[in-house]
Amino acid sequence: MPQKPNRVLLEFEKPLLELYKKIDDLKMQDMDMSEEIKMLEKRIETLQRDIFSNLTPIQIVQVARHIKRPTTLDLINLIFNDFVEMRGDRNFSDDPAMVGGLAMLPGCKKSNPLGETIFDQPVVLIGQQKGSNTKENIKRNFGMAHPEGYRKALRLMHLAERFNAPIISFIDTPGAFCGIGAEERGQAEAIAKNLRSMAGLSVPFISIVIGEGGSGGALGIGMGNRVLMLEFSIYSVISPEGCASILFRDAKKAPHAAEVSKITAIDLLEMNVIDEIIKEPVGGAHNNYKETALNIGSAIKKHLSDLARLSSRELIADRYRKYRNMGYFTEE
Amino acid sequence: MPQKPNRVLLEFEKPLLELYKKIDDLKMQDMDMSEEIKMLEKRIETLQRDIFSNLTPIQIVQVARHIKRPTTLDLINLIFNDFVEMRGDRNFSDDPAMVGGLAMLPGCKKSNPLGETIFDQPVVLIGQQKGSNTKENIKRNFGMAHPEGYRKALRLMHLAERFNAPIISFIDTPGAFCGIGAEERGQAEAIAKNLRSMAGLSVPFISIVIGEGGSGGALGIGMGNRVLMLEFSIYSVISPEGCASILFRDAKKAPHAAEVSKITAIDLLEMNVIDEIIKEPVGGAHNNYKETALNIGSAIKKHLSDLARLSSRELIADRYRKYRNMGYFTEE
Amino acid sequence: MAKLALHQWFQKRKLEKEAGPASERLDIPGNLWIKCTKCQVAIFAKDLDANLKVCPKCGYHFKLSARERIEATIDPETFTEISPFLHSKDFLGFVDSAPYSQRILKSEEKTGLADAIVIGEGELHGIEVGIGVMDFSFMGGSMGSVVGEKVTRIAEICLDKKIPLIIFSSSGGARMQEGIMSLMQMAKTSAALSRLRSAAIPYLSIMTDPTTGGTTASFAMLGDLNIAEPGALIGFAGPRVIEQTIRQKLPPGFQRAEFLEKHGMVDIVSERGKMKEELKKVLHFFENAAKT
Amino acid sequence: MAKLALHQWFQKRKLEKEAGPASERLDIPGNLWIKCTKCQVAIFAKDLDANLKVCPKCGYHFKLSARERIEATIDPETFTEISPFLHSKDFLGFVDSAPYSQRILKSEEKTGLADAIVIGEGELHGIEVGIGVMDFSFMGGSMGSVVGEKVTRIAEICLDKKIPLIIFSSSGGARMQEGIMSLMQMAKTSAALSRLRSAAIPYLSIMTDPTTGGTTASFAMLGDLNIAEPGALIGFAGPRVIEQTIRQKLPPGFQRAEFLEKHGMVDIVSERGKMKEELKKVLHFFENAAKT
Ligand SMILES: [Zn+2]
Ligand SMILES: [Zn+2]
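Chains as they are written, first to last, in my numbering: chain G, 72 to 403; chain L, 72 to 403; chain X, 8 to 299; chain W, 8 to 299.
Right, dumping it as structure tokens:
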């Protein structure tokens, strides 16, 4: 007997529940119901498309944090070949909340007089790593890195620079971890040093927010020449809950905080904080890992090919210009 | 009533005891005995000169470890001006067994067409720090640094490089500390990284063994373009006691181990491991801090002025040549 | 008063001083006597000022305003303010208990500053420097677009003129009313410092009470020397946030300047009274290193 | 046999294999059956060899000789040994329970090696590499002048030919019979690696059981990737020295490869059977990075 799928539906996806149930029922029957099932699946897709094209900011927050949302390692394994994970900061420990290593990006294109060559591009990868269940999340500290995570990332960035490989960072964290050990070992120092170092990197650097872009913890690996965001991911200086409880003195006002703080991909594109939005499959990235990976892979290739035209000096200047221009003020 | 001085005499200095006692007695008397005292002091000096010109290796070990021997900070304060101590490895902690900072070396000379200019040379200082009594020694961990000590030293070396200041290191350690924390935080990694980094330093670098040069812990800050040694200091791959108990299976054979391992300044000069021996005052460095500091200061100035003629590239090449040539082997 | 440049303010203050008691004194409760926050002793206001606002009894360091800090640090008559008329923009139309635009106006009135930092050029014991001084009384020293822009400008000026940069931090972190833009100021300021570093221009960071959040995790931690005032609270997360996260009390002294020194993040903890002398020694070193 | 270069040894071994059972087998007690050091299970010698000397039951990694390691790592018929005739010199005239010169001779006879490392060039999955392999059975893999010189030579060759360097370490540390000169090999080898690093030539360090002392505190820890075999003891000080210093028992797993991985010192802990594949992936990355 076929098992019922382990679906995690968000509050606003509840309208889908009935349709899913119908499909499940049809599948239990002895007769061939594949035609009916197909029709139902189409209706689900239409409904999903409908729902996901009208999400409120707080609903996007929920999608961005979805327990089944593809993680950094999920995407790495789908997008790249021959991933070699590298561990440790060479100082204190290996932080499971931050992963990274070497990999090959297949299918890159280079134009030359004779036409186009297709080749595998060596890249250095870094990213925060969440778990897909509670046990994994505990091991990964819910994607909240300690200073040693940021120092591991920095080690990998310097390695990339030495060997002239582009860097791709995957951002997915509620924030850098807050705790006694993190403060003792210099969480602020680690992030600050990463920011300064990223500014000076001589290789192409692309950062992609794939879920939660939580404040300094996200930015700590996020100063790419290009910053991309998955359609239903968020990027903010503070979580909507944190913002609500500090500024509105009421954690329940998180939906309002999400609204006014402008943390969705569309808002950030408008403010030029990010460069491109990467489309998600119908129903969100968790509904189709492969399609998500495909979309991200294409975006990486496009931007890498753009950045390949810049010299080291130009890459640094490009990055400086980008961040130099951030801010709104008047001068009179 | 004048106090009796707090003298620490080594076993082989015992012949001096009687003379010291006589002086003390004379000082207690009501009459003016200064002439007699002067004579006795002369006899002491002669005897000291005699004793110290015939020290065995294990006796030199004792002088090198003398509790009253001037420490790194003692010497820094006597040789340099405006010392600014800098703390911390920006990673984990500040290691009191390793000190360092910025200072000015007064009285440096530069030749130019119009004659000689005298100027203050900015230098970056690093060194292991022992205590002058048990309490201080506990605070300083007897001059045995943890990985964070080596990482602090590395931070200072990189700072020196960035600002084009020569580096002077003072070596005085029984060795890098052996313990659980030291292993956990990568004692071997920290020392190894320092060795590689020192090899590539673009600024003049002088290392001076001022007391105990204990193995990798000493070398971890000791890869100068010039390596100097105070007359009664030692430099070895393992302590005589360690060598005796491992190779001769009897810790009491330390005097023999000291003998055969060739660990004194004269031995090391012969093997070209060091470049110069700095004379100590009569009776050893602990008998006259000022004279010791003066001698070290002169040596530093001489070698700095030599090294000032080399470009960054030449400094690195000079250092490479120096260490590249170390070793005895045959090839047939 | 909001649009008063600092040199004008000094001028005004001089006139006021000559005319009678400075009106700024009025915002200290009781005017003449001040109770020490730490040891509770009553201190005559004039004595406290004469002691650079350090309690003569217990050594507690009261907060200094940006102007007081500049007076205590830069040689008299040598300070020139830069970009005094940069103002925040309420580009999100952000309203919490009050609209952001009103908050800004209120802070301007209260402090006489245009935002939470003053930047300028001046001399310290005769050595030319670029300086930035944050002021906690302007919205808790929070970093928004103006703080980020001014830190970047003074860094660029130092790069251009090849003079050292000194920044005194005092900040509760990012200015949430500017959303993601406040976060991006961390990237912007760190990028500016990256250029200084590549050009071997010295940068001294002095952290005062309190320095937390995005300020600590960007320019405040990036000094060639990191210096702190005694007892200053310095951290990534604020202590309350950490207590909520780990659900336990924090040990005494946690996140204080001395704690950071012990943990390797700060080179020097220097009393306010000795700070200028300490800076002079360091600047003198760098000045001579650049010459040789 | 002491003066036999490795390619000659391979040749000899090939002949012996064709002629009958290899004489080297005789030094394994009982010849046919070997008891696992860890799980005590009896393993048929041929099976152990076929499994790269990893216990099929518990995964315990027996030590490999330099020659076995090269066979397991470098493509057949591609290895060329370099400097096979470098010999230690007893320049101190050092005598402990035996004169150093006699110890060397004995080790040469026992191992068929000239010192505790073999270096050479070869291919790994078709990628040209320089390789150094230490052999613990030669005076505990201790590093004296010859080890230092050979590590330096192979590094210089890799620099010259722009090919990656791979070193398998297995060492008790410095060779005390060479006094200070053994210490100086740490400086010498690290300086050679500094040149490789500046030239962006990849260096992979593989630490096998045991790697301690001066070897760990120099070239073994300096890989662009640090790799280790499971269960390998890796440390600065040996466990006995630490126990004597701190006067307490060490926790289980202390200083083992997995411990170092947890503490951030090792990138990859790789089983012997997967090592070559792992190295291939890494080398492939670097080869392509150098091209683009
Ligand atoms: Zn007080
Ligand atoms: Zn077994």
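All C-beta atoms in this analysis are idealised placements derived from N, C-alpha and C, irrespective of residue type, glycine included.
Please read these numbers as outputs of a predicted model, since none were measured by experiment.
Would you mind giving the Cβ-Cβ distance between M228/L and M175/L, rounded to the nearest angstrom? I have them listed as a contact below 8 Å. Not confirmed; about 18 Å, so no contact.
If you drop the 5 nearest sequence neighbours on each side, which residues of the same chain put their C-beta closer than 6 Å to that of K64/X? C46 and V48
When you compare only the Cα positions, how much space is there between D216/W and L232/W? 18 Å
Return the CA-CA distance between A259/G and P237/X, expressed in angstroms with no decimal places. 19 Å
Could you tell me the alpha carbon to alpha carbon distance between D34/X and N148/L, rounded to whole angstroms? A caution first: D34/X carries a pLDDT of 49, below 50, which makes its placement in the model unreliable, though a value can still be read off. Their Cα atoms are separated by approximately 46 Å.
So that I know if they touch, is there some Cβ in chain L lying closer than 8 Å to that of R216/W? Looking at the sequence itself, residue 216/W is Asp, so the reference to Arg does not match. So no, D216/W is outside the interface.
For I197/L and I371/L, believed in contact at Cβ under 8 Å, the rounded distance: Rounded, the Cβ-Cβ distance is 14 Å, inconsistent with contact.
Can you give me, in chain order, the residues of the stretch 234-268 of chain G that have a beta carbon less than 9 Å from any beta carbon in chain L? E255, R256, G257, E260, A261 and K264
Listed in chain order, which residues are found with a beta carbon closer than 6 Å to a heavy atom of ligand 1? C43/X, K45/X, C46/X, V48/X, C62/X, K64/X, C65/X and Y67/X
Candidates I174/X, D167/X, T159/X and A181/X: closest to G147/X by CA position: A181/X
Using the C-alpha atoms, what's the distance from A206/X back to K181/G? 35 Å
Is the stretch 164-171 of chain L in contact with the stretch 187-205 of chain L, if contact means three or more CB pairs nearer than 8 Å? yes
Looking at P141/L and T360/L, is the spacing between their C-beta atoms short of 8 Å? This sequence places Tyr at residue 360/L; Thr is not what is there. Yes; because the gap between Cβ atoms is below 8 Å, this pair is in contact.
Quick check on A364/L: buried or exposed, where buried means 16 or more other Cβ atoms within 10 Å of its Cβ? buried
Can you tell me which of the three DSSP states R297/G falls into? strand
With 8 Å set as the bound, which would you pick, yes or no: does the beta-carbon of Q109/X sit closer than that to a beta-carbon of chain G? no
Are there 16 or more other CB atoms within 10 angstroms of the CB of P259/X, so buried, or fewer, so exposed? exposed
So R441/G contacts chain L; which residues on that side make the cut at Cβ distance below 8 Å? One cannot answer for residue 441/G here, as it falls past the ends of chain G, which runs 72 to 403.
What residue does the alpha helix (DSSP H) around I334/L start on, and which one ends it? Counting along the chain, I334/L falls outside any alpha helix (DSSP H), and DSSP gives it neither H nor E.
Comparing C-alpha positions only, which one of S310/G, L339/G and N343/G sits nearest to H327/G? S310/G
Mind listing the chain X neighbours of P193/L? Cutoff is C-beta to C-beta under 8 Å, in chain order. F292, F293, N295, A296 and T299
Please list the segments of the alpha helix (DSSP H) lying wholly inside the stretch 258-290 of chain W, counting only runs of 4 or more residues, in order along the chain. 264-269
Beta-carbon of G271/G versus every beta-carbon of chain X: anything under 8 Å? yes
Closer than 7 Å, Cβ to Cβ, to anything on chain L: give me those residues from the stretch 135-150 of chain W, in chain order. none
Nearest to I305/G by alpha carbon, out of M397/G, I209/G and V344/G? V344/G
Reduced DSSP secondary structure (H/G/I, E/B, other) of F357/L: Strictly speaking, residue 357/L in this sequence is His, with Phe absent from that position. H357/L falls in the helix class under three-state DSSP.
For L381/L, which three-state DSSP category applies? coil
Sorted by chain position, which residues of the same chain lie with C-beta nearer than 8 Å to F151/G's C-beta, five sequence neighbours on each side aside? A174, M175, L176, P177, V194 and L196
With 8 Å set as the bound, which would you pick, yes or no: does the beta-carbon of D389/L sit closer than that to a beta-carbon of chain X? no
With C314/G as the anchor, note down where its beta strand (DSSP E) starts and where it stops. No beta strand (DSSP E) contains C314/G, which is instead part of the alpha helix (DSSP H) from P311 to L318.
Cutoff 8 Å: I309/L Cβ touching any chain W Cβ: yes
Who are the Cβ neighbours of H137/L in its own chain at under 6 Å, not counting the five residues just before and after it? H357
Please state the DSSP three-state secondary structure of E351/L. coil
Under the rule that 16 or more other beta-carbon atoms within 10 Å means buried, what is N265/L, buried or exposed? buried
Stretch-stretch touch, CB-based, cutoff 8 Å, three pairs: the stretch 273-280 of chain L with the stretch 310-320 of chain L: no
Does the pairing of the stretch 162-176 of chain X with the stretch 344-354 of chain G give three or more beta-carbon distances under 8 Å? no
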